[in-house]
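Read through the structure below, which is laid out as structure tokens, and then see the notes.
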Amino acid sequence: MTPDERQAILSRARDLFNSGEYWLAHEALETVWRSIISDGNPDAARVWQGLIQGAAALLHLERGNRHGVGVVGAAALEKLAGPQRPDVEFDTVTFRARFARALAGEGDAPRLEWRVQ
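In our numbering, the protein residues as written are 22 to 138.
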């Protein structure tokens, strides 16, 4: 995947996620995740998998599937733990905090926002 292709996919994933199209965002994020796995970067792939699972958990939340929210949400939080990775374009620290609050029923769904360089 070229840098331009990656940027286009990430922009689309962000737009989809932020408009509540969690399944489509999940699919777009998965495209990037697969390329990272192919590149042999398991630590970055883990964080991307956390974002994918975050989208899935929010879809479960939207559909009222509390079991799915609990299982997938917990897996996402675990994978998103830790400091911001420089090779992940989204602000995962803020995302994780807002995601945890949303799962606890204490806030709105998080947004995918670009990491400040």
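Where is the CB? At the ideal position from N, CA and C, for every residue including glycine.
Express the C-alpha separation of PRO104 and PHE38 in angstroms, rounding to a whole number.
Here residue 38 corresponds to residue number 17 of the sequence shown, with the count starting at 1. Here residue 104 corresponds to residue number 83 of the sequence shown, with the count starting at 1. PHE38 and PRO104: Cα-Cα distance of roughly 22 Å.
In chain order, what residues of the same chain lie with their CB nearer than 7 Å to the CB of PRO131, ignoring the 5 residues before and after it?
Within the sequence shown, numbered from 1, the residue matching residue 131 stands at position 110. Only PHE116, ARG119, PHE120 and ALA123 meet the Cβ criterion.
Would you check if there are 3 or more beta carbon pairs closer than 8 Å linking the region 40–54 to the region 79–88?
Result yes; three or more Cβ-Cβ pairs closer than 8 Å.
So, at 7 Å on beta carbons, what are the nonlocal neighbours of ILE30 in its own chain, with the 5 sequence-adjacent residues on each side left out?
Translated into positions along the sequence shown, residue 30 becomes position 9. Excluding residues within five positions, the ones whose Cβ falls inside 7 Å are ALA49, THR52 and VAL53.
Go to ARG27, then tell me how far its alpha helix (DSSP H) extends in each direction, as first and last residue.
Here residue 27 refers to the residue found at position 6 when the sequence shown is read from its first residue. Residues 24–39.
What does a CB cutoff of less than 7 Å around VAL20 pick up in its chain, not counting 5 residues either side in sequence?
Past the boundaries of the shown model lies residue 20; the chain is included only from 22 to 138, so the question cannot be answered.
Let's see if you can read the secondary structure: which residues bound the alpha helix (DSSP H) around ALA98?
Working through the sequence shown from its first residue, we reach residue 98 at position 77. Before going further, note that residue 98 is Leu rather than Ala in the sequence given. From DSSP, the alpha helix (DSSP H) with LEU98 extends over 87–101.
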